[in-house]
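Mapping of the sequence shown onto UniProt numbering: residues 1 to 463, in sequence order.
Input: a single structure, listed below in structure tokens.
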Amino acid sequence: MRFWLIVLFVVFGLIPCLASYVWTVKTSEQRAISVRTAEIQNQCTILSNQLNSYQYLTNPSSEVIDANLTQLTNIYNGRVMIINQNLDVIKDTYGLDEGKTMVSENVIRCLRQGKSMSYYDKKNRYVEVTAPVISEEKAVTGVMLASVSMDTVLDGTRMLRAQGGAVLIVVFLVVLSLGILVAGWFVRPLGRITASIENVTEGYESEWLHVGTFSETGQLSDAFNKMLGRLKQLNDSREEFVSNVSHELKTPLTSMKVLADSLLAQENVPIELYQEFMGDIAKEIDRENDIISDLLTLVKMDKTVQGLNIRQININELLEAILKRLKPIADKKKIEVVLESFRPVSAEIDEMKLTLAISNLVENAIKYNRDEGWVRVSLNADHKYFYVKVMDSGIGIPEEDQAHIFERFYRVDKSHSREIGGTGLGLAIARNAVILHRGSIKVYSSKGEGTTFTVRIPLTYAA
Numbered sequence: 001m002r003f004w005l006i007v008l009f010v011v012f013g014l015i016p017c018l019a020s021y022v023w024t025v026k027t028s029e030q031r032a033i034s035v036r037t038a039e040i041q042n043q044c045t046i047l048s049n050q051l052n053s054y055q056y057l058t059n060p061s062s063e064v065i066d067a068n069l070t071q072l073t074n075i076y077n078g079r080v081m082i083i084n085q086n087l088d089v090i091k092d093t094y095g096l097d098e099g100k101t102m103v104s105e106n107v108i109r110c111l112r113q114g115k116s117m118s119y120y121d122k123k124n125r126y127v128e129v130t131a132p133v134i135s136e137e138k139a140v141t142g143v144m145l146a147s148v149s150m151d152t153v154l155d156g157t158r159m160l161r162a163q164g165g166a167v168l169i170v171v172f173l174v175v176l177s178l179g180i181l182v183a184g185w186f187v188r189p190l191g192r193i194t195a196s197i198e199n200v201t202e203g204y205e206s207e208w209l210h211v212g213t214f215s216e217t218g219q220l221s222d223a224f225n226k227m228l229g230r231l232k233q234l235n236d237s238r239e240e241f242v243s244n245v246s247h248e249l250k251t252p253l254t255s256m257k258v259l260a261d262s263l264l265a266q267e268n269v270p271i272e273l274y275q276e277f278m279g280d281i282a283k284e285i286d287r288e289n290d291i292i293s294d295l296l297t298l299v300k301m302d303k304t305v306q307g308l309n310i311r312q313i314n315i316n317e318l319l320e321a322i323l324k325r326l327k328p329i330a331d332k333k334k335i336e337v338v339l340e341s342f343r344p345v346s347a348e349i350d351e352m353k354l355t356l357a358i359s360n361l362v363e364n365a366i367k368y369n370r371d372e373g374w375v376r377v378s379l380n381a382d383h384k385y386f387y388v389k390v391m392d393s394g395i396g397i398p399e400e401d402q403a404h405i406f407e408r409f410y411r412v413d414k415s416h417s418r419e420i421g422g423t424g425l426g427l428a429i430a431r432n433a434v435i436l437h438r439g440s441i442k443v444y445s446s447k448g449e450g451t452t453f454t455v456r457i458p459l460t461y462a463a
């Protein structure tokens, strides 16, 4: 980027200078030629009047005229010819064409129109001027033709061109130096950003970026800091997840070890105590299996959405099957479970994953409910989505905990969760399953007043 900035700076810096240089040289050259041409035309006009006064066309032997013609030739390093109306050359300062006929377009035109004319031959670097010789009767009796070299004039413009080229070289060096400085000034903030990114890549996570040189670099710094903050948050979440997994997996093992050590430390233990301890150990083993199963489910959901087995499923029948399977758990606590279907609903879903999500919501509504409470599951739909609501009369969720309930291993009431036997992964699994279906899940709850989970999922799955 630095190289291209320098190139752009040099190009845009030199183009105006180069254009000015070309325009100045060309204008100066044209003006010098115009001035020289005007001078020659004036001299020719004066001499043509003298030619008429001395009647030089009929008697070309005037020393005064010859002297003036010679002087004009010497001053402007040119050649002068006097031509009569018959196109005969009666005087040639070079003495080459006297007595010959001059057939020239400019001479003929000057004779016919009676006006002075000029022509610049750029290739041969000379200017040709014709001036009519007009008699007292206002008749054109001849033409004065002057051919003058422009070498002396062009030598001056050549010097101007050389000086301008030297100035251009100086300007180029100055612009190049400024381009290097400006490019360095522009690129320096990007270099700092790159260095910070490299530091983060190497593991220095505390490298917050503050590059406010330009509004754009400030925005880039803010975006980078947001990304870095999100990465730190994800890393902290991962570390917390690993810590929680370790704790949750070790807890049943610790309990089993304590129970086993207690049995081993005692002699003549009654069979009833053995049975009680072995029952507790079996429960801890079941809990360990539940945690591992839920973890495997989460890992599978995190990997990719390509594993979804999307089919057209009757959602009414799906909910009826879920509630029928969970009814024995509800009956133990004398909890009434009711399904309200407002209309027949069929949607494109992964039956197994959505069943897992709804089952976790309903099972939580039963487990964290009061005895002889109720759980209501409703199903509705519009032209685009179907909606499943799971409402209960349970203990509710405090407002400060509602933002965290979908986090892995998060428990609102850890002691109550231990008694119930949850793994702390059910809501995380439910949320992941809903998101895989491009849906959303929301919770509405107040402590002691029950909880409502609302699930919204598209009727047609969009990959």
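Glycine included, each C-beta is placed from N, C-alpha and C at the ideal position.
In terms of alpha-carbon separation, which member of T452, L273 and V345 lies closest to G396? Counted from its first residue, the sequence shown places residue 396 at position 396. Minimum Cα-Cα distance from G396 among the listed residues T452, L273 and V345 corresponds to T452.
When the Cα atoms are used, what is the spatial distance from K250 to F3? On the sequence shown, position 250 is the one that residue 250 refers to. On the sequence shown, position 3 is the one that residue 3 refers to. Spanning the alpha carbons of K250 and F3 requires a straight line of approximately 59 Å.
Contact set for N316: own chain, Cβ-Cβ below 8 Å, skip 5 residues either direction: By one-based count along the sequence shown, residue 316 stands at place 316. Hits under 8 Å: S341, P344, V345 and L379.
Where G426 and V455 are concerned, what is the direct C-alpha to C-alpha distance, given to the nearest angstrom? Walking along the sequence shown from the start, residue 426 turns up at place 426. Walking along the sequence shown from the start, residue 455 turns up at place 455. The straight-line gap from Cα to Cα measures roughly 15 Å.
Measuring alpha carbon to alpha carbon, tell me which residue in N77, D155, G95 and A183 is nearest L8. Sequence index remark: in the sequence shown, residue 8 carries index 8 (1-based). For L8, the nearest C-alpha among the options comes from A183.
Which residue or residues does DSSP assign as beta-bridge partners of Y120? Your numbering for residue 120 matches position 120 in the sequence shown. Bridge partners of Y120: V127.
Touch test, the segment 13-27 against the segment 84-104, Cβ-Cβ under 8 Å, three pairs minimum: The segment 13-27 makes no contact with the segment 84-104, as fewer than three CB pairs between them are under 8 Å.
For L57, which residues in the same chain have their Cβ closer than 6 Å to its Cβ, ignoring the five residues on either side in sequence? Position 57 of the sequence shown, counted from the start, is the residue given in the question as residue 57. Within its own chain, the residues whose Cβ lies closer than 6 Å to the Cβ of L57, once the five positions on either side in sequence are excluded, are N84, T141 and G142, listed in chain order.
Indicate whether the contact test is met: 3 or more Cβ pairs, each with one atom in the segment 386-395 and one in the segment 252-262, closer than 8 Å. They do not touch, by the three-pair rule.
Test item: CB-CB of L318 and V362 under 8 Å: The count along the sequence shown starts at 1 and reaches residue 318 at position 318. The count along the sequence shown starts at 1 and reaches residue 362 at position 362. The answer is no: Cβ separation not under 8 Å.
I'd like to confirm the pairing. Which residues does DSSP put opposite T101 in its beta bridges? Position 101 of the sequence shown, counted from the first residue, corresponds to residue 101. Answer is D88, bridged to T101.
Helix, strand or coil: how does DSSP classify N439 here? One-based indexing of the sequence shown puts residue 439 at position 439. A quick correction: the sequence has Gly, not Asn, at residue 439. Of the three classes helix, strand and coil, the one that applies to G439 here is coil, per DSSP.
Spatial neighbours of A462 in its chain, beta-carbon cut-off 7 Å, leaving aside the 5 residues before and after: One-based indexing of the sequence shown puts residue 462 at position 462. If the five residues before and after A462 are omitted, its C-beta is found closer than 7 Å to the C-beta atoms of R438, all from its own chain and listed in chain order.
Please give me, in chain order, every unbroken run of the beta strand (DSSP E) with length at least 3 that falls completely inside the segment 332-413. If only uninterrupted beta strand (DSSP E) runs of at least 3 residues are considered, those enclosed by the segment 332-413 are 336-341, 346-350, 374-381 and 385-392.
Would you kindly check if the distance between the Cβ of A357 and the Cβ of L459 is under 8 Å? Taking the first residue of the sequence shown as 1, we reach residue 459 at position 459. Taking the first residue of the sequence shown as 1, we reach residue 357 at position 357. The criterion of a C-beta distance shorter than 8 Å is not satisfied by L459 and A357.
Taking the alpha-carbon of V11 as reference, which of V338, Q266 and G179 has the nearest alpha-carbon? Along the sequence shown, read from residue 1 onward, the residue named residue 11 stands at position 11. Among V338, Q266 and G179, the Cα nearest to that of V11 belongs to G179.
M159 to S53, Cα distance in whole Å? Along the sequence shown, read from residue 1 onward, the residue named residue 159 stands at position 159. Along the sequence shown, read from residue 1 onward, the residue named residue 53 stands at position 53. Straight across, the Cα-Cα distance linking M159 with S53 is about 43 Å.
Close Cβ partners of V305 (< 7 Å) along its chain, the five nearest in sequence each way excluded: Your numbering for residue 305 matches position 305 in the sequence shown. In this predicted model, V305 has a pLDDT of only 49, less than 50, meaning its place in the structure is not dependable enough to derive any value.
For M256, is the classification buried or exposed, using 16 other Cβ atoms within 10 angstroms of its Cβ as the cut-off for buried? For the purposes of this step, residue 256 is taken as residue 256 along the sequence shown, with counting starting at 1. By the 10 Å Cβ count, M256 comes out buried.
Three-state secondary structure (DSSP) of V305: Counting from one through the sequence shown, the residue named residue 305 turns up at place 305. Interpretation of V305 is limited by its pLDDT of 49, a score under 50 that renders its predicted location unreliable; the figure taken from the coordinates is listed afterwards. Correct three-state label for V305: coil.
From which residue to which residue does the beta strand (DSSP E) around A139 run? Here the question's residue 139 lines up with position 139 in the sequence shown. No residue range can be given for A139, since it is assigned to no beta strand (DSSP E) and is classified by DSSP as neither H nor E.
Could you pull the start and end residues of the beta strand (DSSP E) that V455 belongs to? As a first step, residue 455 must be located in the sequence shown, where it is residue number 455. Unbroken beta strand (DSSP E) run through V455: T451 to P458.
Which of helix, strand or coil does DSSP assign to Y76? In the sequence shown, residue 76 corresponds to position 76, counting from 1. Helix, per DSSP.
Just to confirm the assignment, what range does the beta strand (DSSP E) spanning N59 have? As a first step, residue 59 is located in the sequence shown; it is residue number 59 there, counting from the start. Counting along the chain, N59 sits inside no beta strand (DSSP E), nor does DSSP assign it H or E at all.
According to the neighbour-count rule (16 or more other Cβ atoms, all chains shown, within 10 Å of its Cβ), is K353 buried or exposed? Looking up residue 353 in the sequence shown gives position 353. Buried, by the Cβ-count rule.
May I ask which residues mark the beginning and end of the beta strand (DSSP E) holding N268? Residue 268 sits at position 268 when you count from the first residue of the sequence shown. For N268, there is no enclosing beta strand (DSSP E), as DSSP gives it neither H nor E.
Check whether the segment 19-31 touches the segment 39-46, taking contact to mean three or more Cβ pairs, one atom from each stretch, closer than 8 Å. In this structure the segment 19-31 does not lie against the segment 39-46, because fewer than three pairs of beta carbons, one per stretch, are closer than 8 Å.
Across which residues does DSSP place I193 in a beta bridge pair? Residue 193 sits at position 193 when you count from the first residue of the sequence shown. I193 has no beta-bridge partner at all, per DSSP.
Contact check, V375 vs V388, beta carbons under 8 Å: Position 375 of the sequence shown holds residue 375. Position 388 of the sequence shown holds residue 388. Not in contact: V375 and V388 (Cβ atoms no closer than 8 Å).
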